[in-house]
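Peer 1: Mapping of the sequence shown onto the working numbering: position 142 corresponds to residue 143, and the numbering continues sequentially without gaps.
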Amino acid sequence: MAACATKPAPPPMQIPSAPVASVPAAVPAAVPAAVPAPTASGSTRPADYLQRVSFADIPGWTEDDQREAWPPLLASCRALAAKPEWKQACAAAASVDVADTMAVRRYFESHFVPHQLRNPDGSTQGLITGYYEPLLRGARKRGGVFQTALHKPPADLLTIDLAGLYPELKNFRLRGRVVGNKVVPYFTRSELDKQSLLSGAELLWVDSPIEAFFLQVQGSGRVFLTDTNETVRLGYADQNGHPYRSIGRYLVDQGELTLEQASMQGIQAWAASNPRRLKELLDANPSYVFFREEAISDPSIGPKGALGVPLTAQRSIAIDPQFTPLGAPVFLSTSLPNSGAPLRRLMLAQDTGGAIRNPVRADFFWGFGKAAGELAGKMKQITQMWVLLPEPLAISAR
2 MAACATKPAP
12 PPMQIPSAPV
22 ASVPAAVPAA
32 VPAAVPAPTA
42 SGSTRPADYL
52 QRVSFADIPG
62 WTEDDQREAW
72 PPLLASCRAL
82 AAKPEWKQAC
92 AAAASVDVAD
102 TMAVRRYFES
112 HFVPHQLRNP
122 DGSTQGLITG
132 YYEPLLRGAR
142 KRGGVFQTAL
152 HKPPADLLTI
162 DLAGLYPELK
172 NFRLRGRVVG
182 NKVVPYFTRS
192 ELDKQSLLSG
202 AELLWVDSPI
212 EAFFLQVQGS
222 GRVFLTDTNE
232 TVRLGYADQN
242 GHPYRSIGRY
252 LVDQGELTLE
262 QASMQGIQAW
272 AASNPRRLKE
282 LLDANPSYVF
292 FREEAISDPS
302 IGPKGALGVP
312 LTAQRSIAID
322 PQFTPLGAPV
332 FLSTSLPNSG
342 APLRRLMLAQ
352 DTGGAIRNPV
362 RADFFWGFGK
372 AAGELAGKMK
382 QITQMWVLLP
392 EPLAISAR
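1. Does the beta-carbon distance from L205 to L199 come in below 7 Å?
2. What does the alpha-carbon distance come out to for the pair R346 and Q196?
3. Is DSSP giving I357 helix, strand or coil here?
4. Classify M348 as buried or exposed, calling it buried when 16 or more other Cβ atoms lie within 10 Å of its own Cβ.
5. Tell me whether M386 is buried or exposed, calling it buried when 16 or more other Cβ atoms sit within 10 Å of its Cβ.
6. Under 8 Å, with one C-beta from each stretch per pair, do the region 174 to 182 and the region 261 to 268 reach the 3-pair mark?
7. Got a sec, what are the start and stop residues for the alpha helix (DSSP H) Q240 sits in?
8. At 3 residues or longer, what runs of the beta strand (DSSP E) sit wholly inside the region 291 to 367?
9. For E212, which residues from the same chain have a beta carbon less than 6 Å from its beta carbon, with the 5 sequence-adjacent residues on both sides left out?
10. For L163 and I129, I'd like the C-alpha separation in whole angstroms.
11. May I ask you to report which of helix, strand or coil DSSP gives D254?
12. By Cβ distance, which residues of its chain are closer than 6 Å to P287, with the 5 residues on each side in sequence left out?
13. Rounding to the nearest angstrom, what Cα-Cα distance links P47 and H116 in this structure?
14. Give me the DSSP bridge partner(s) of V105.
15. Just curious, the beta strand (DSSP E) that G131 is in, first and last residue?
16. D194 bridges to which residues according to DSSP?
17. Taking 8 Å as the cut-off, does the region 118 to 135 touch the region 358 to 371 (at least 3 CB pairs, one atom from each stretch)?
18. For the beta strand (DSSP E) that contains S118, what are its first and last residues?
19. Please identify the residue among K280, E64 and L81 whose C-alpha is closest to the C-alpha of P391.
20. With DSSP as the reference, label M265 as helix, strand or coil.
21. Taking 7 Å as the cut-off, decide whether the C-beta atoms of S334 and P60 are in contact.
22. Per DSSP, which residues does K142 bridge with? Please list them.
23. Based on DSSP bridge pairs, tell me the residues matched to H243.
24. Classify K280 as helix, strand or coil using the three-state DSSP reduction.
25. Is DSSP giving E203 helix, strand or coil here?
26. Helix, strand or coil for F173, going by three-state DSSP, please let me know.
27. On a Cα-Cα basis, can you pick out the residue from S397, V290, V331 and T313 that is closest to G354?
28. Which residue comes first and which comes last in the alpha helix (DSSP H) that contains G222?
29. Taking DSSP as the reference, what is the three-state secondary structure of A82?
30. Our contact map puts D352 next to A307 with C-beta atoms below 8 Å; I'd like the distance itself, whole angstroms only.
31. When DSSP labels each residue in this structure, what does L75 get in the three-state scheme?
32. Given a threshold of 16 other Cβ atoms within 10 Å of its Cβ, counted over all protein chains shown, does K171 qualify as buried or as exposed?
33. Could you spell out where the alpha helix (DSSP H) holding L216 opens and where it closes?
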């Protein structure tokens, strides 16, 4: 990677207060077999992917300190309180003694019904990966080592929402552009880079194309601007409409890395050793993410997720909204990255992601900075998931 030891260091920044575990000793992580993706014509009735259970059925439920999930729960309620199904549960949160562990647990047990998520084949295990908020170095003007642009949405990008006509497509938006009297797919990553089609849409310039790529994968991040001595946040604004393709999988398929080596850190090391093949690697993912600049009023507050509320380190996850409602509490039973140490805790579904598809699939938000990135880049674990739904959304007991 294009690193320069003489660049000025960014000013000290406060890392979110949630504790970050140390990186466990590396051991091969068990990865579940690929889960077949549901087709557009397949059934997505809740009873097909949810099984109503009791809290006693959830391993580790009584060992978790659900008080740590309280701040993100309140954030979810700010976004959901106006919805009739969530109104009662969110209103009841105001009277809970949040200093009392048992009172918080009783709140969840009294106002939510747990449902285990299941894959289309009936299995209950899936994949959980990790993501984080990185810190890049950049500048407002192109020059020197800052040659890689991060872009705002281009003026010709169309976003088409068909939910008004087809309710089953409520979580899908089409992107395209107008050619004559037709709407056609928007340009791929390769086309955008090759034809310089984003000229004029540059937000900032950074010093590393691979770090810029991973910023797109994470969906948001911070950039220390060396020319103005400020740190800004880039939040997700839009995407070109093409599906996410894993460049780690591409390197595995090309025989360049083993599956165990295809972590973020392994990909970065490969890119540093193969600079002439970097464009080939990045073009393997046709998806391209556009950003918007946001001020950072409080460095301890995370970036906003798809729910529109700030993410909480180690208590927010990204999910597939086809199967898990945004804002809902979700209990995970998984393990720490590349480790057998159990990781069982209550999370809040507050984000989505291009690679997060299927019922039992999640992305764990580790927080901000290098330590969080180490954990996020190595996380590829088996998980089970239970979504907690308010009674109006609960399915009938079988």
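Even glycine gets a Cβ: it sits at the ideal position worked out from N, Cα and C.
Peer 2: Straight from the coordinates:
1. As a position in the sequence shown, residue 205 is number 204, starting the count at 1. As a position in the sequence shown, residue 199 is number 198, starting the count at 1. No, the pair does not count as a contact, with Cβ atoms beyond the cut-off.
2. As a first step, residue 346 is located in the sequence shown; it is residue number 345 there, counting from the start. As a first step, residue 196 is located in the sequence shown; it is residue number 195 there, counting from the start. One C-alpha to the other measures close to 47 Å.
3. Within the sequence shown, the letter at position 356 stands for residue 357. DSSP places I357 in coil when its eight states are reduced to three.
4. For the purposes of this step, residue 348 is identified with residue 347 of the sequence shown, where counting begins at 1. Buried.
5. Here residue 386 corresponds to residue number 385 of the sequence shown, with the count starting at 1. It is buried - the Cβ of M386 has at least 16 other Cβ atoms within 10 Å.
6. no
7. For the purposes of this step, residue 240 is identified with residue 239 of the sequence shown, where counting begins at 1. Unbroken run through Q240 is the beta strand (DSSP E), E231 to Q240; no alpha helix (DSSP H).
8. 317 to 319, 330 to 336 and 343 to 352
9. Along the sequence shown, read from residue 1 onward, the residue named residue 212 stands at position 211. Closer than 6 Å at Cβ, skipping near neighbours: L137.
10. Looking up residue 163 in the sequence shown gives position 162. Looking up residue 129 in the sequence shown gives position 128. One C-alpha to the other measures close to 30 Å.
11. Looking up residue 254 in the sequence shown gives position 253. Looking at D254 - three-state DSSP - the assignment turns out to be helix.
12. Here residue 287 is taken as the residue at index 286 of the sequence shown, counted from 1. Excluding residues within five positions, the ones whose Cβ falls inside 6 Å are T189, R190 and H243.
13. Sequence index remark: in the sequence shown, residue 47 carries index 46 (1-based). Sequence index remark: in the sequence shown, residue 116 carries index 115 (1-based). Roughly 10 Å between the two C-alpha positions.
14. Residue mapping note: residue 105 aligns to position 104 of the sequence shown, counting from 1. Paired residues: none, contrary to the question.
15. Numbered from its first residue, the sequence shown carries residue 131 at position 130. Here the beta strand (DSSP E) through G131 covers G127 to E134.
16. Counting from 1 along the sequence shown, the entry for residue 194 is found at position 193. In DSSP, D194 forms no bridge with anything.
17. yes
18. The residue you call residue 118 lines up with position 117 of the sequence shown. Correcting the residue type first, residue 118 is Leu in the shown sequence and not Ser. Run containing L118: V114 to L118, per the beta strand (DSSP E) assignment.
19. Within the sequence shown, residue 391 is the residue found at index 390, counting from 1. Nearest C-alpha to P391: L81.
20. Working through the sequence shown from its first residue, we reach residue 265 at position 264. Helix.
21. Within the sequence shown, the letter at position 333 stands for residue 334. Within the sequence shown, the letter at position 59 stands for residue 60. Yes.
22. Here residue 142 refers to the residue found at position 141 of the sequence shown. None, per the DSSP bridge assignment.
23. Counted from its first residue, the sequence shown places residue 243 at position 242. Beta-bridge pairing links H243 to no other residue.
24. In the sequence shown, the residue the question calls residue 280 occupies position 279. The answer is helix: DSSP assigns K280 an H, G or I state.
25. Numbered from its first residue, the sequence shown carries residue 203 at position 202. Of the three classes helix, strand and coil, the one that applies to E203 here is strand, per DSSP.
26. The sequence position of residue 173 within the sequence shown is 172, counting from 1. Three-state DSSP puts F173 in coil, outside helix and strand.
27. By one-based count along the sequence shown, residue 354 stands at place 353. For G354, the nearest C-alpha among the options comes from V290.
28. Locating residue 222 in the sequence shown gives position 221, counting from the first residue. It is not in any alpha helix (DSSP H) - G222 instead sits in the beta strand (DSSP E) that spans G222 to L226.
29. Indexing the sequence shown from 1 puts residue 82 at position 81. Three-state DSSP puts A82 in coil, outside helix and strand.
30. Position 351 of the sequence shown, counted from the start, is the residue given in the question as residue 352. Position 306 of the sequence shown, counted from the start, is the residue given in the question as residue 307. Confirmed, Cβ separation roughly 5 Å.
31. Sequence index remark: in the sequence shown, residue 75 carries index 74 (1-based). Looking at L75 - three-state DSSP - the assignment turns out to be helix.
32. Taking the first residue of the sequence shown as position 1, residue 171 is located at position 170. Label assigned to K171: exposed.
33. Looking up residue 216 in the sequence shown gives position 215. Its alpha helix (DSSP H) spans residues P210 to Q219.
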